[in-house]
Amino acid sequence: MEASATTVTGGRSALERSPASRLPDRALKWGLSALAAAILILIVYFFIRLIGESHSVFSQYGLSFVFGNDWDVNRNIYHGAAMLVGTLVTSTIALIIGVPVAVASALFINELCPRRLRQPLSILVDLLAAVPSVVYGLWGVFVLAPKLLGGEKWFASTFSFIPWIGGGTPTLYNYFIAGLILAIMILPIVSAISREVIATVPLENKEAALALGATRWEMIRMAVIPYSRPGITGGAMLGLGRALGETIAVVLVIGAAPQIGNHLFAQGNTFAAVIANEFGEAQGIHVSALFAAGLVLFILTLIVNIIARWFVSRGSHGARGTGATGMTIASTDLSEA
Amino acid sequence: MSTISASTLPQVSSRRRVTDKVMRGSLGAATVLALIPLILILFYLLKRGLNGWSQSGFFTTDPTGSFFGNPGGIRSAIWGSIEMVLLASLIAIPVGIGVALYLTEYGKQSWFANTVRYFVDVMTGVPSIMFGLFIYIVLVTGHVGGGFTAWKGSIALSLLMIPIVVRSAEVVLLLVPSSLREAALALGAPRWRVIGKVVLPTAATGLVTGSLLAVARGMGETAPLLFTVTAAFGLTFNLGTLMNSLPVQIYTDIQSPRAEIVNRAWGAGLTLVLIVLLLNIIARFIASRSRRA
Amino acid sequence: MNTPDTTSKEQTDMSTAEGPPPERPQAAPEAPKAGAVPGKAGHAVKLDNLNAYYGSEHAIKDVTIDFPANEVTALIGPSGSGKSTVVRCINRMHEEIPGARATGSVRLDELDVYAPDVDVTAVRRLIGMVFQKPNPFPTMSIFDNVAAGLRLTGTKSKDLKDLVHRSLQAVGLWDEVKDRLNSPGIGLSGGQQQRLCIARTVAIEPEVILMDEPASALDPISTLKIEELIDELKEAYTIVIVTHNMQQAARVANSTVFMLEGEVIEHDETNKIFTNPSDERTERYVTGKFG
């Protein structure tokens, strides 16, 4: 970059910078590169250590750690199917409730509501992301769970003919409440990404639909939704990743029972919750089992996140690449665990 | 068809009109539904939180109260959070901006930079409990500088905050017009000077906004602290020992059978939310001010 | 009554890329307009004192134009003269832009399109629109694109195939795409995409077709194909075409309207506008002295 030329008289030409003055540049470059590399190394190192710590459990149980069903701290037996089921059940509930509401609100804000309401409504929905998860837990334990218990009891008895959903006796803290809180917690991120994706739908496609004599809803159905589908799917998956890993709010409202709850309103557990719950007093192989749970959780969320981001990048053809969605994700990811 | 008039105009079927109305109404209803939890949370936070605040000595005493009387306030929790998040920010913000600078100024689209970018992205999706576990494994079990300590909690928080800072910083740094950089370089300024005197000042507002949002996030996290600092009660300014924090305090208090302690949890929750909201508002305010400028 | 330049039509025939087509797409008996007989009264559009605004900007001023039935009327004028706005007011697309509004009357036969109790959606069914940039729905196949408007009104699936076939034939696209009806609409070339969009419009059998610079984004060969198509379509539709290209207006339009800064300056037989305009501003424009 810097020309190095000596003048005819053998001195240094004006173009050449002394090696000493190039040092800060070099130092900066290598320093920053090292920082960047450190991030990658950190992730790999974490993986390695986590595997190391959970090794004893996996060597003892193998895959039945995940799929066997018997988690008994007293007898020192650790099969985590209950956590797997709980994790999947609560995340599924979160998706079923949260994604349609989030996408619907995104469609409303972008396509239907009066222009001047757009920003205020967006900010309000995004505000849900600013609430710390421990506050969600607080509210869930003392407000949501007690207030919904009556309704849950009515629901369970009215729909008792539906297997697993009805028929049981709801407990105060159960899968449903955990799933509901998770739905609320993933709402902002799914809505924000959906809004971004929906905003990239080309105006000319929307106009084409209207010019064919489509009603407003038909226009949304014909031009907006099909175009946004990949991006919205990605957003939903990011919400899923969030729901899978959420710890604090869930552990407070799921009942933390070490077995598979046999109906929607029964107590259960998740990988994240069991770690938070039992870590304090765990010893020996119990600790190892909790680390193993952490490893499973880590891999699960990693996979879901990677797939999700692939979808989102496919979906925001028009947006400013990861820039726009990146800022959104960074700023709405304001509370976790 | 015959002459078109208002009476011969083929009408849109009522099915379509009804569907249109119903769907539009549903979308609006869903939006209202999305806002209800926010309203309810804020409502109860205010109602019960203010009640918690009214307890004597709420802000001025530590939660070391007696078993039967006043359980104490949240002073040590507030101070602990501030201290730990401050240290975490001192780590995360420079590191995060540094990595972002690397990505925009040096790495750009190289395979290495793209890999870093990708994994930073992925890191934002890692559950925060993981960071707690990580620091536990690496620092706590090894008894590096003590057992559970506040500075380890800060490190866990900073790990969580770094990806947020990197991502938002990169967006902002990319917004600095390359013509500005090129002009400075063409004048013969070395790269580090260009970064220090041109790039960073131009991007300063955006960097501050992104950092504030990361700090807000750090303030609210519980899980990373549970595994690195655990719980404490007394007020301390020594980062090398156990330290209290708002999220952990709330988490512990929620599980107490005593009504006064639950009350305290609400008060603490209100306090925490207000701090986080304040940081958010300041960040947005700065961002909008710079946009208008 | 077409342009004096019939040789251009022969050239179009020879320059068609497909070679001698086995079925020459006709606008008359096989046209999607069942029962349309050449010469039967179509539907006229009359603008009366139309004013249009974008917020506070007064874009169209007291525009009064008669668009005769089954004829092609061209709107020409420099950029910003309001031609597109006029056309978008006819099918009430103008008001879709936030802050935009229009006053005055637009009549389709006896129907005042802006009457308060008129359903905009119903009007747009009768007044189709082709846009400047071809805009087939990117997630739909060729078939689905053409069928899009038909599906809105609940046309039965068994009828769809025939109707799609007829529309694609009417625009001269059938042979080119008949073997790949399920492939994506955006996989076609620009000219084909635009004809696809015209097929989509024609499929719902409107009475009027509005075209906003339909060929300006296309290559010359596709442009000529579109112009040929317009010539056939006018047997069954009333067509309004906005164009920057004066030669195109001369080739395709029965009458031409010259607009300047939101006002109608002159409206006359195309021939006259281009060879002997009454207004001096028209003369300056068509001879290329500005715009």
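Chains as they are written, first to last, in my numbering: chain X, 1405 to 1741; chain F, 1220 to 1512; chain H, 12 to 302.
Glycine included, every Cβ here is placed at the ideal spot set by N, Cα and C.
Computed from a predicted model, the values in this text were never measured in an experiment.
- V1481 (chain F) is not a Cβ neighbour of S1308 (chain F), given a cutoff of 8 Å.
- If you look at I71 (chain H), you'll find it isn't in any alpha helix (DSSP H); it sits in the beta strand (DSSP E) that goes 68 to 78.
- With a cut-off of 8 Å on Cβ pairs, the segment 1503 to 1515 of chain X is in contact with the segment 1623 to 1638 of chain X, counting three or more such pairs.
- Contact annotation: the segment 209 to 228 of chain H touches the segment 98 to 113 of chain H, with at least three C-beta pairs closer than 8 Å.
- The beta-carbon of D1281 (chain F) is placed no less than 8 Å from the nearest beta-carbon of chain X.
- Under a criterion of Cβ atoms nearer than 7 Å, the residues of chain X adjacent to A159 (chain H) are, in order, L1616, M1626.
- Residue contact check for G1649 (chain X) against chain F: a CB pair falls below 8 Å.
- Distance check between Y1263 (chain F) and each of X:W1475, X:K1551, X:A1486 places X:K1551 closest, using alpha-carbon atoms only.
- For A1603 (chain X), not one C-beta of chain H is nearer than 8 Å to its own C-beta.
- Comparing alpha-carbon positions, the option among X:L1591, X:P1536, X:A1582 lying closest to I1658 (chain X) turns out to be X:A1582.
- Note that the segment 1463 to 1480 of chain F does not touch the segment 1384 to 1404 of chain F; fewer than 3 beta-carbon pairs, one per stretch, sit closer than 8 Å.
- Collapsing the DSSP output to three states places N60 (chain H) in a strand.
- With a threshold of 8 Å between beta carbons, K1433 (chain X) makes contact with chain F.
- Taking a Cβ-Cβ cut-off of 7 Å, the neighbours of V1231 (chain F) in chain H comprise D130, T132, A133, given in sequence order.
- In the three-state reduction of the DSSP assignment, D279 (chain H) falls in the strand class.
- Y1579 (chain X) carries a helical assignment under DSSP once its states are collapsed to helix, strand and coil.
- For F1669 (chain X), the secondary structure class from DSSP, reduced to helix, strand or coil, is coil.
- If the five residues before and after S1495 (chain X) are omitted, its C-beta is found closer than 8 Å to the C-beta atoms of G1583, L1586, L1644, A1647, L1648, all from its own chain and listed in chain order.
- Around the beta-carbon of I1527 (chain X), fewer than 16 other beta-carbon atoms lie within 10 Å, marking it exposed.
- Counting along the chain, no beta strand (DSSP E) covers G1684 (chain X), and no H or E run does either.
- Beyond the five residues adjoining it in sequence on each side, K245 (chain H) comes within less than 7 Å, by CB distance, of N81, E82, V83 in the same chain, given in chain order.
- In this structure, the beta-carbon distance from L1489 (chain F) to L1265 (chain F) falls below 8 Å.
- For L119 (chain H), the chain F residues whose Cβ falls inside 8 Å of its Cβ are I1223, in order along the chain.
- Membership of T1227 (chain F) in any alpha helix (DSSP H) is not indicated, and neither H nor E is assigned to it by DSSP.
- Within chain F, the residues placing a beta-carbon under 8 Å from that of A1506 (chain X) are A1253, ordered along the chain.
- Think of a sphere of 8 Å around the beta carbon of T1619 (chain X): the chain H residues whose beta carbon falls inside it are T132, in chain order.
- When Cβ-Cβ separations below 8 Å define contact, K283 (chain H) makes no contact with chain X.
- F1469 (chain X) places its beta carbon less than 8 Å from that of F1462 (chain X).
- For the pair R211 (chain H) and G183 (chain H), the CB atoms are not nearer than the 8 Å cut-off.
- By the 16-neighbour rule on beta-carbons within 10 angstroms, R1620 (chain X) is buried.
- By the neighbour-count definition (other C-beta atoms within 10 Å, threshold 16), K1610 (chain X) is a buried residue.
- Around R1522 (chain X), the same chain offers I1513, N1514 as residues with beta carbons nearer than 8 Å, after the five sequence neighbours per side are excluded.
- With respect to chain F, the C-beta atom of H54 (chain H) has a partner C-beta closer than 8 Å.
- Around the beta carbon of K94 (chain H), a 10 Å sphere encloses 16 or more other beta carbons of the protein chains shown; the residue is thus reported as buried.
- Neighbourhood of R136 (chain H) in chain X, by CB distance below 9 Å: L1616, G1617, in chain order.
- Within the segment 1396 to 1419 of chain F, contact with chain X at the beta-carbon level (separation under 7 Å) is assigned to P1409, R1410, W1411.
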